[in-house]
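In the numbering used here, the protein residues as written are 570 to 800.
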């Protein structure tokens, strides 16, 4: 996919600082896609996120370089995997902030749903206050993916939707995996993991004939509520 124009990129960066808009219904209400309508709940606090009233918050390190942007010409399933990994992979010792990690996904948002997607992404990431606390313990997070599949509920929704109710090229992938976190608590390494499941909604354009698979591209529509995926 061609890089976003400077004006588009600046507009998307403004979305990170803005209040997320109200959730938008993408498909027919009666087909049970409630996770998409409700949007994700705030992520649960990690074991290393413990309150501290005595340890001062110190400035974080300055990041060197920039976070890698999402490649949008991978094909639908591979792009869904990349979205999932970008959503769950962060390191408080890197010098980047939650907004920096959110920006990677915002830059790959579908324009019609960009505002709502920013709200979805924010619910998966720690708040600024939690991030400052997590940074004291050098907490980092990553995801291992076990399964990626198109849920039957999505196929039912597509079959039942009237023309124009689902964007052309839209597709959903449910991702099941394990979220890992580790850090240091009073010089002692600590780690925790738990299973997670969620659904990524995409809009993809097919490859151009004669130009290879990489000529197609995908954008992120929405994210389901964490642990309330489509099945």
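Idealized CB from N, CA, C, for every residue including glycine. Predicted model, so just to flag it, every value in this text is computed and none were measured.
Excluding the 5 residues preceding and the 5 following residue i in the sequence, name in chain order all residues of the same chain whose CB lies nearer than 8 Å to its CB.
i, result
"residue 616", "Its pLDDT being 44, under 50, residue 616 is placed unreliably in this model, and the value from its coordinates should be taken loosely. Closer than 8 Å at Cβ, skipping near neighbours: 750, 759, 761."
"residue 686", "674, 675, 678, 679, 789, 790, 791, 792"
"residue 763", "747, 748"
Looking only at its chain, what residues have a beta carbon closer than 6 Å to the beta carbon of residue i, apart from the 5 residues adjacent to it on each side?
i, result
"residue 637", "none"
"residue 625", "Annotation note: pLDDT 43 at residue 625 (below 50); position unreliable, no value reported."
"residue 627", "Confidence in residue 627 is poor, its pLDDT being 49 and thus under 50, which makes the residue's placement too unreliable to answer from."
"residue 733", "none"
Taking the CB atoms as reference points, tell me whether residue i and residue j lie closer together than 7 Å.
i, j, result
"residue 771", "residue 740", "yes"
"residue 748", "residue 657", "yes"
"residue 693", "residue 753", "no"
"residue 659", "residue 710", "yes"
"residue 682", "residue 790", "yes"
"residue 746", "residue 714", "yes"
Please name the residue in the options whose C-alpha comes closest to that of residue i.
i, options, result
"residue 674", "650, 710, 730", "650"
"residue 640", "792, 786, 795, 790", "786"
"residue 795", "728, 776, 767, 679", "767"
"residue 648", "695, 788, 800", "788"
"residue 678", "792, 797, 800, 721", "792"
"residue 738", "643, 797, 774", "774"
"residue 716", "730, 742, 727", "742"
"residue 663", "676, 645, 635, 688", "635"
"residue 765", "797, 643, 700", "797"
Take residue i and list the residues in its own chain whose beta-carbon comes closer than 7 Å to its own, dropping the five residues that flank it on each side.
i, result
"residue 654", "712"
"residue 799", "602, 604, 720, 722, 723, 741, 743, 768, 793"
"residue 727", "735"
"residue 646", "717, 742"
"residue 643", "651"
Every unbroken beta strand (DSSP E) inside the segment 680-728 [3 residues or more]: Fully enclosed beta strand (DSSP E) runs of 3 or longer: 709-718.
Alpha helix (DSSP H) runs contained entirely in the segment 635-687, provided each spans 4 or more residues: If only complete runs of 4 or more residues are kept, the segment 635-687 shows the alpha helix (DSSP H) at 645-657, 667-675, in order along the chain.
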